[in-house]
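Following: one structure in structure tokens, then a few remarks.
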Amino acid sequence: MKAKAIVKITVCIVMTVMLLALTACVNQQNNENDPGQSLIDPTDKKDDTIELFAMDTYMTIKAFGNHAQPALQEAATRIHELELLWSVTNPDSEIYALNHGDGSTIEVNPATAEALSFASIMADRTDGAFDFTVYPVLAAWGFTTGSYQIPAQAELDILLERVGHEKVLIEGERVTLPKDTQIDLGAVAKGYTADIVTAILKKDGITSALIDLGGNIQVIGFKPDGSKWRVGIKDVYGEGNVGVLEAADCAVVSSGGYERYFVGADGKTYWHIIDPSTGAPADSGLVSVTVIGKDGRFCDALSTALFVMGLQKAEKHWRSYGDFGMILMTRDNELYITEGLEEDFTLDKSRADMAVHILRKSD
Ligand code: ADP
Ligand code: MG
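Just so you know, our numbering puts 188 at position 181 of the sequence shown, and the rest follows in order with no gaps.
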């Protein structure tokens, strides 16, 4: 760790009480099943909202302005189309066809080709911490069926021979997987979809919208009253939020061990984000990672990768690339926030005693 400033954030009591009231209210409205962030949207301006269940999660898209309904309908249709293309379990999907293609080359939809190319780039960029070929390992742990088990390391070692993003050959829209390789866009699909929804809404002239795809948040512009959107960052150890981030025109995506997990007979918790270097659920010391950036696909892939990397590598990645912001929560109950975000982040009153470290480029 480089030197870092330890900042104590003091929260004005009156503001906090208001914030808590707001948080409670919105959580109740939309977010019972939302694993990532909860949304705080106190606007009373006219909006159109669409809610749907797709990609195994509840989605809410709220667009402001008149005549937003056709754009929302188009977005919903597109989401269902992408779900059909990318489902790992539906025999009619392209991912299923690739995974069961016995090594044959398959011509895929342009959206699938683009998503796979992007996933390859992110796998390279993160040195394989994000690796969309980890599916056979995920299945061995039972995360694909819910029949959880702890596989022996010898079994994982054999499965890991089938893992490696460089095994996937993408030539335009022609994709070839080796016989035993299986892919899964689970760590990037929602972010990717949020980008496509954003493009659809913007094309229809919408300048203010909030897209919540099961906790993958993407916002267009500002709220109609000109203020930033308020996104709650979920508290891993409690019911509420660890804090609230104010955001505009960006994606805010979290990955965490709290989203899907089981407790083994050994009493340990095992979650659905796999470290491709070991075949085991990532055990990096981080319990939650939030990435803030321009594109949903990028933030989604990166939040999964940084969760695997852990604090030190994540910090190094941020220093090398600098094209995103991040909020990391450690198992030791500390929060690390990259510079610039601290002005937009308010720690929840219930966490006022938490140590908050600001990561600065100059340190
Ligand atoms: P969520 O989709 O629950 O919000 P993530 O974006 O972090 O969370 O994606 C987790 C999913 O990604 C897992 O359910 C699995 O399908 C897949 N996955 C798990 N580990 C990795 C990894 N190291 N790289 C790429 N995908 C992964
Ligand atoms: Mg992800």
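Every residue gets a Cβ at the ideal spot worked out from N, C-alpha and C, and that includes glycine.
The structure presented is a predicted model; accordingly, all values stated were derived computationally and were not measured.
- Less than 8 Å separating the beta-carbons of residue 299 and residue 257? Along the sequence shown, read from residue 1 onward, the residue named residue 299 stands at position 292. Along the sequence shown, read from residue 1 onward, the residue named residue 257 stands at position 250. A contact, by the Cβ cut-off of 8 Å.
Next on the checklist: Buried or exposed, going by whether 16 or more other CB atoms sit within 10 Å of the CB of residue 295?
Outcome noted: Counted from its first residue, the sequence shown places residue 295 at position 288. By the Cβ neighbour-count rule, residue 295 is buried, with 16 or more other Cβ atoms within 10 Å of its own.
Chain-order list of residues whose beta-carbon lies under 6 Å from that of residue 369 (same chain, five-residue window excluded): Within the sequence shown, the letter at position 362 stands for residue 369. Same-chain partners within the cutoff: there are none.
- Please say whether residue 304 and residue 199 have beta carbons closer to each other than 8 Å? Here residue 199 is taken as the residue at index 192 of the sequence shown, counted from 1. Here residue 304 is taken as the residue at index 297 of the sequence shown, counted from 1. Taking 8 Å as the Cβ cut-off, residue 199 and residue 304 qualify as a contacting pair.
Please name the residue, chosen from 340, 164, 335, that lies closest to residue 365 on a Cα-to-Cα basis. Working through the sequence shown from its first residue, we reach residue 365 at position 358. Among 340, 164, 335, the Cα nearest to that of residue 365 is on 335.
*asked:* Can you tell me whether residue 288 is buried or exposed? The criterion is at least 16 other CB atoms within 10 Å of its CB, across all chains shown.
replied: Taking the first residue of the sequence shown as 1, we reach residue 288 at position 281. Here residue 288 is buried, its C-beta having at least 16 other C-beta atoms within 10 Å.
Check: In the structure shown, what three-state DSSP assignment does residue 33 receive?
Finding: In the sequence shown, counting from the first residue as 1, residue 33 sits at position 26. At residue 33, the pLDDT of 29 sits below 50, so the modelled position is not reliable and the matter cannot be decided from this model.
Original post:
Where the beta carbon is closer than 7 Å to any heavy atom of the ligand MG, which residues qualify, in chain order?
Top reply: With the cut-off at 7 Å, the residues found are 194, 195, 198, 260, 262, 307, 308, 310, 311.
As assigned by DSSP and simplified to three states, the class of residue 109:
Residue mapping note: residue 109 aligns to position 102 of the sequence shown, counting from 1. Three-state DSSP puts residue 109 in coil, outside helix and strand.
| query | Is residue 325 helix, strand or coil when you go by DSSP? | reply | For the purposes of this step, residue 325 is taken as residue 318 along the sequence shown, with counting starting at 1. DSSP places residue 325 in helix when its eight states are reduced to three.
Let me check understanding here. Comparing Cα to Cα, which of 293, 333, 265, 264 lies closest to residue 340? As a first step, residue 340 is located in the sequence shown; it is residue number 333 there, counting from the start. In this structure, 293 is the residue among 293, 333, 265, 264 with its C-alpha nearest to the C-alpha of residue 340.
How many angstroms separate the CA atom of residue 320 from the CA atom of residue 72? In the sequence shown, residue 320 corresponds to position 313, counting from 1. In the sequence shown, residue 72 corresponds to position 65, counting from 1. Linking residue 320 to residue 72 through their CA atoms gives a straight-line distance of about 43 Å.
field: Span separating the alpha-carbon of residue 281 from that of residue 109
entry: By one-based count along the sequence shown, residue 281 stands at place 274. By one-based count along the sequence shown, residue 109 stands at place 102. Taking the straight line from one Cα to the other gives about 24 Å.
Quick check on residue 267: does DSSP put it in helix, strand or coil?
Taking the first residue of the sequence shown as 1, we reach residue 267 at position 260. Residue 267: coil per DSSP, three-state reduction.
Notebook entry, point to check: Is residue 238 closer than 8 Å to residue 260 when the C-beta atoms are compared?
Noted result: Numbered from its first residue, the sequence shown carries residue 260 at position 253. Numbered from its first residue, the sequence shown carries residue 238 at position 231. At a Cβ-Cβ threshold of 8 Å, residue 260 and residue 238 do not count as neighbours.
Could you give the first and the last residue of the continuous alpha helix (DSSP H) run that contains residue 60? For the purposes of this step, residue 60 is taken as residue 53 along the sequence shown, with counting starting at 1. Element bounds for residue 60: not the alpha helix (DSSP H) but the beta strand (DSSP E), 54-61.
Could you check whether the Cβ of residue 74 sits closer than 7 Å to any heavy atom belonging to the ligand ADP? Numbered from 1 along the sequence shown, position 67 holds the residue referred to as residue 74. Outside the cutoff, so no.
Among 140, 119, 205, which has the Cα closest to the Cα of residue 101?
Start at 1 with the first residue of the sequence shown, and residue 101 comes out as number 94. When the alpha-carbon of residue 101 is set against those of 140, 119, 205, the nearest one is in 119.
Item to check | Neighbourhood of residue 272 by C-beta distance below 8 Å, restricted to the same chain and skipping five residues each side | outcome: As a first step, residue 272 is located in the sequence shown; it is residue number 265 there, counting from the start. Taken in chain order, the residues that qualify are 157.
With the cut-off set at 8 Å, would you say residue 311 and residue 146 are in Cβ contact?
For the purposes of this step, residue 311 is identified with residue 304 of the sequence shown, where counting begins at 1. For the purposes of this step, residue 146 is identified with residue 139 of the sequence shown, where counting begins at 1. No, these two residues do not count as a Cβ contact at 8 Å.
Taking the alpha-carbon positions, what's the residue 356 to residue 249 distance? Here residue 356 corresponds to residue number 349 of the sequence shown, with the count starting at 1. Here residue 249 corresponds to residue number 242 of the sequence shown, with the count starting at 1. Cα-Cα distance, rounded: 9 Å.
#### Entry: Any beta strand (DSSP E) of 3 or more consecutive residues that is wholly inside the segment 75-122
Counting whole runs of 3 or more residues, the segment 75-122 contains the beta strand (DSSP E) stretches 112-114.
Original post:
Between residue 175 and residue 223, what straight-line distance do the alpha-carbon atoms span, to the nearest angstrom?
Top reply: Within the sequence shown, numbered from 1, the residue matching residue 175 stands at position 168. Within the sequence shown, numbered from 1, the residue matching residue 223 stands at position 216. Residue 175 and residue 223: Cα-Cα distance of roughly 27 Å.
* Asked: For residue 105, which residues of its own chain have a beta-carbon under 7 Å away from its beta-carbon, when the five flanking residues on both sides are left out?
  -> Position 98 of the sequence shown holds residue 105. Excluding residues up to 5 positions away in sequence, 113, 182, 184, 190 lie with their Cβ nearer than 7 Å to the Cβ of residue 105 in the same chain.
Could you give the uninterrupted runs of the beta strand (DSSP E) lying entirely in the segment 267-342, keeping only those of 3 residues or more? For the segment 267-342, the continuous beta strand (DSSP E) assignments of 3+ residues that do not extend past its boundaries occur at 268-270, 276-278, 293-300, 332-337, in sequence order.
Practice problem: Can you tell me which of the three DSSP states residue 219 falls into? | Solution: Position 212 of the sequence shown, counting from 1, holds the residue named residue 219. Residue 219 carries a strand assignment under DSSP once its states are collapsed to helix, strand and coil.
Cutoff 7 Å; reference residue 23; Cβ partners in own chain excluding five residues on either side
Counting from 1 along the sequence shown, the entry for residue 23 is found at position 16. Confidence in residue 23 is poor, its pLDDT being 33 and thus under 50, which makes the residue's placement too unreliable to answer from.
In the DSSP output, what is residue 207 paired with across the bridge? Here residue 207 refers to the residue found at position 200 when the sequence shown is read from its first residue. Secondary-structure assignment with DSSP links residue 207 through no beta bridge to anything.
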